[in-house]
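Asker: Just so we're aligned, residue -18 is where the sequence shown starts under the working numbering, counting upward by one.
In this text, a Cβ means the ideal position worked out from N, Cα and C, and glycines have one as well.
Can you keep this structure in mind? I'll have questions shortly.
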Amino acid sequence: MSATAPVLELKGILKDYPGVRAVDYVDLVLMPGEVHALVGENGAGKSTLIKIMAGVVAPDTGQIQVRGQPVEIESGQDSYQLGLSFIHQELNLVPYLDGAENIFLGRPYPQTRLGTVSWRELRARASDILALLGASIPVDVPVGRLSPGDQAMISIARALAGEASIYVMDEPMASLASQEIERLFAVIRSLKAQGATVVYVSHRLDEVFEIADRVTVMRDGAVV
-18 MSATAPVLEL KGILKDYPGV RAVDYVDLVL MPGEVHALVG ENGAGKSTLI KIMAGVVAPD
42 TGQIQVRGQP VEIESGQDSY QLGLSFIHQE LNLVPYLDGA ENIFLGRPYP QTRLGTVSWR
102 ELRARASDIL ALLGASIPVD VPVGRLSPGD QAMISIARAL AGEASIYVMD EPMASLASQE
162 IERLFAVIRS LKAQGATVVY VSHRLDEVFE IADRVTVMRD GAVV
């Protein structure tokens, strides 16, 4: 793939639910090394489109291409293997697992020489990722006992742990304080500088104008 070729393309994506068209033949092109904002009011179709990219929802018709190749994304594992990592509006944390376990959930845990989980290394890795976000959060505490803001930071750290090439952030600032927002913006700029693509989903235009290189606007399921 050349430096100017799309890293991901959605072509003619359609999704209907009973009585409503959630996504109306949407085309979307994502380029490497850009922050691409997806904006619109609640119900515009943004979250449904993201769930299609994540393999949570299947489109009724349309095609997805990753690095020029048609792909089927039928599960979270499919999207992960294709290099996509997601921060959803619903944090999807497991409340009785600690922060480190949630950050690396679904990924191989580091092992000791005896073949058991190296909890020390796992928690050190988790703390290192949180440090990138400027967050000092205990990673050995069940996340159900953390504040909503700390839970949001755990969810963001989980996305960063994937070392993806495409990061999709669906309303990531909803539970964050202003200082945490600025730190996340710095992380997004760093990801961009490394050549990663960031899809930034928001209805807050001040955030979009600060961070986005390109903007796609959705209304009533369609791109306008």
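Mind reading off the beta-carbon distance from V180 to H17? Whole number of angstroms is fine, and I expect it under 8 Å.
Answerer: Indeed they touch by this definition, with Cβ atoms about 5 Å apart.
Asker: Looking at the structure shown, is G143 part of a helix, part of a strand, or coil, going by DSSP?
Answerer: DSSP places G143 in coil when its eight states are reduced to three.
Asker: Where do the ends of the alpha helix (DSSP H) carrying S99 lie?
Answerer: It is not in any alpha helix (DSSP H) - S99 carries neither H nor E in the DSSP assignment.
Asker: Identify whether Y90 lies in helix, strand or coil by the three-state DSSP scheme.
Answerer: Coil.
Asker: With three or more C-beta pairs closer than 8 Å as the rule, is the segment 0 to 14 touching the segment 176 to 196?
Answerer: Result yes; three or more Cβ-Cβ pairs closer than 8 Å.
Asker: So T29 is in the alpha helix (DSSP H); what residue range does that whole segment cover?
Answerer: Here the alpha helix (DSSP H) through T29 covers K27 to A35.
Asker: Let me know the secondary structure DSSP gives I110 once reduced to three states.
Answerer: I110: helix per DSSP, three-state reduction.
Asker: Roughly how far, in whole angstroms, is the beta-carbon of I110 from the beta-carbon of A142, given that I think they are within contact range, below 8 Å?
Answerer: Indeed they touch by this definition, with Cβ atoms about 6 Å apart.
Asker: At a cut of 8 Å, does the segment -9 to 3 reach the segment 154 to 164 through at least three beta carbon pairs?
Answerer: These segments do not touch.
Asker: Which stretch, first to last residue, makes up the beta strand (DSSP E) that contains Q175?
Answerer: Run containing Q175: none; DSSP gives neither H nor E here.
Asker: Please classify P129: is it buried, with 16 or more other beta-carbons within 10 angstroms of its beta-carbon, or exposed?
Answerer: Exposed, by the Cβ-count rule.
Asker: Less than 8 Å between C-beta atoms, sequence neighbours within five positions excluded: which residues of the same chain meet that for S99?
Answerer: Here the set comprises Y90, P91, Q92 and T93.
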